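In our numbering, the protein residues as written are 193 to 335.
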């Protein structure tokens with residue numbers, strides 16, 4: 193009984209060790225292990241809650257903005273490659289990388305605005321509203 197078990201264990205391990213490089217080569221060839229080009233998401237904001245959690249409104253037509261992205265495939269050896277960051281955390285991406293750059297789009301008026309531009313505009317609107325409130329309070333205090 194022990195000889196049969198040892199024989200089958202030896203045979204199964206030999207089959208695994210012999211076919212393992214072939215399985216890896218098949219995965220690389222077919223694309224099972226690395227499906228397509230790697231994707232790097234570019235959000236342009238340090239706070240993901242600002243982008244996804246807050247309701248953003250179009251200042252032209254007052255409708256809710258929709259978060260979408262533009263996609264661009266860039267090779268690090270191209271002339272535009274130096275403009276893009278090919279690192280994701282502690283991992284460096286090589287070759288062609290698909291960059292998905294997030295932006296906001298209004299479904300009604302088709303206005304496109306970047307995350308940074310929208311954040312600056314909302315900050316200016318908040319400052320303007322607080323200034324108007326202070327002026328209104330000072331007018332009420334004078335009367």
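All residues carry an ideal CB built from backbone N, CA and C; glycine is no exception.
Bear in mind that the values here come from a model prediction, so they are computed numbers and not experimental data.
Exercise for the section: For residue 332, count neighbouring Cβ atoms within 10 angstroms of its own Cβ and tell me buried if that reaches 16, exposed if not. Expected result: exposed
Handout entry: Inter-residue CB distance, residue 258 and residue 297 (contact presumed, cutoff 8 Å)
Key = The distance from the Cβ of residue 258 to that of residue 297 is about 5 Å, consistent with a contact at the 8 Å cut-off.
Practice task
Specify, as a first and last residue, the run of the beta strand (DSSP E) that residue 249 falls within.
Solution key: Element bounds for residue 249: n/a, residue is neither H nor E.
Problem - Sequence-distant residues of its chain with Cβ nearer than 6 Å to residue 268 (five each side left out) - result: Cβ within range, chain order: 278.
Problem - alpha helix (DSSP H) segment containing residue 328, residue limits - result: 307 to 334
Handout entry: Beta-carbon proximity check, residue 241 vs residue 264, cutoff 7 Å
Key = no
Handout entry: 7 Å CB neighbourhood of residue 419 in its chain, flanking five on each side removed
Key = Any answer about residue 419 is impossible in this case: the structure gives the chain only from 193 up to 335.
Problem - Where the beta strand (DSSP E) through residue 261 begins and ends - result: 258 to 267
Practice task
Mind checking which residues open and close the alpha helix (DSSP H) that includes residue 241?
Solution key: 240 to 244
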